[in-house]
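To convert, take the position in the sequence shown, counting from 1, and add 8; that gives my numbering.
Glycine included, each C-beta is placed from N, C-alpha and C at the ideal position.
Worksheet: one structure, shown below.
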Amino acid sequence: MNYREEFDGSYLLCLEIGDDIIASIAEFALEEGIRGAIFMGIGAIDRAEIGYFDLVRKEYARKAISGQRELLSLKGNIGIADEGEIVVHAHVILGDADMNCIGGHLFSSRISVTGEIAVHPVSDIVRSPENTTGLKLWNLRA
């Protein structure tokens, strides 16, 4: 991965073959001291694990995806947990050779060609456990 800061304080990230999207964004955030940001991107992957949160079971149903896919849409945010650790939360839409799409919460991935990501820092985004779901959600009062 390589990246640069833009004149307005945003960043452009270029992920390389073999990079994991979530791990790369977390590494970038640690290096730059970013504790709050919104990001979006496109690219191509050949492996991913995505999920759908089941509200009844209060857990993610996970699905492994393999084979070449276009990364049609990557959207998410960077925040920190109450304990101070970096949290990268991302959703994706992936397209296959037949022009079919699948999407969900992104757990992991492997870049097959490139990942082009724009990151726009904001004030700290703190994530705290929410009682109903158990998920660490935005706590804008923190």
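At which residues does the alpha helix (DSSP H) containing Leu-38 begin and terminate? Here residue 38 is taken as the residue at index 30 of the sequence shown, counted from 1. Leu-38 -> alpha helix (DSSP H) spans 29-40.
By DSSP, does Val-96 sit in helix, in strand, or in coil? Start at 1 with the first residue of the sequence shown, and residue 96 comes out as number 88. The answer is strand: DSSP assigns Val-96 an E or B state.
Reduced DSSP secondary structure (H/G/I, E/B, other) of Glu-78: The count along the sequence shown starts at 1 and reaches residue 78 at position 70. It is a strand residue.
DSSP beta-bridge partners for Met-107? Indexing the sequence shown from 1 puts residue 107 at position 99. None, per the DSSP bridge assignment.
Going straight from the alpha carbon of Met-107 to that of Glu-40, what length do you get? Reading the sequence shown from its first residue, position 99 is the one you call residue 107. Reading the sequence shown from its first residue, position 32 is the one you call residue 40. Taking the straight line joining both Cα atoms gives about 37 Å.
Whole-angstrom distance between Ala-45 and Tyr-60, CA atom to CA atom: Looking up residue 60 in the sequence shown gives position 52. Looking up residue 45 in the sequence shown gives position 37. Their backbone Cα atoms lie some 23 Å apart in a straight line.
The beta strand (DSSP E) that contains Asp-62, what's its start and end? Your numbering for residue 62 matches position 54 in the sequence shown. Unbroken beta strand (DSSP E) run through Asp-62: 45-62.
Is it buried or exposed, Arg-43, if we count other Cβ atoms within 10 angstroms and call 16 or more buried? Translated into positions along the sequence shown, residue 43 becomes position 35. Counting other Cβ atoms within 10 Å of its Cβ, Arg-43 reaches 16 or more and is therefore classed as buried.
Is it true that the CB of Ala-98 sits closer than 7 Å to the CB of Gly-112? Residue numbering aside, residue 112 sits at position 104 when the sequence shown is read from its first letter. Residue numbering aside, residue 98 sits at position 90 when the sequence shown is read from its first letter. Taking 7 Å as the cut-off, the Cβ atoms of Gly-112 and Ala-98 do not count as close.
Could you tell me how far apart the beta carbons of Ser-117 and Ile-29 are, in whole angstroms, since I believe they sit closer than 8 Å? Translated into the one-based positions of the sequence shown, residue 117 becomes position 109. Translated into the one-based positions of the sequence shown, residue 29 becomes position 21. Correct: roughly 5 Å between the Cβ atoms.
Taking the straight line between their C-alpha atoms, what separation do you get for Glu-14 and His-128? Counting from one through the sequence shown, the residue named residue 14 turns up at place 6. Counting from one through the sequence shown, the residue named residue 128 turns up at place 120. Going from the Cα of Glu-14 to the Cα of His-128 covers about 10 Å.
Beta-carbon contacts of Thr-122 that lie in its chain and below 6 Å, excluding the five residues immediately before and after: Taking the sequence shown and counting its residues from 1, the one referred to as residue 122 is at position 114. Counting only residues of its own chain and dropping the five nearest sequence neighbours on each side, Thr-122 has a CB closer than 6 Å to the CB of Gly-51.
Looking only at its own chain, which residues have a Cβ that is under 7 Å from the Cβ of Ile-94, when we skip the five neighbours before and after it? As a first step, residue 94 is located in the sequence shown; it is residue number 86 there, counting from the start. The beta carbon of Ile-94 sits closer than 7 Å to those of Ala-34, Ala-37, Leu-38, Ile-86, Ile-88, all from its chain and outside the five residues before and after it, given in chain order.
Residues bridged to Lys-71 by DSSP? Here residue 71 corresponds to residue number 63 of the sequence shown, with the count starting at 1. Beta-bridge pairing links Lys-71 to Ile-58.
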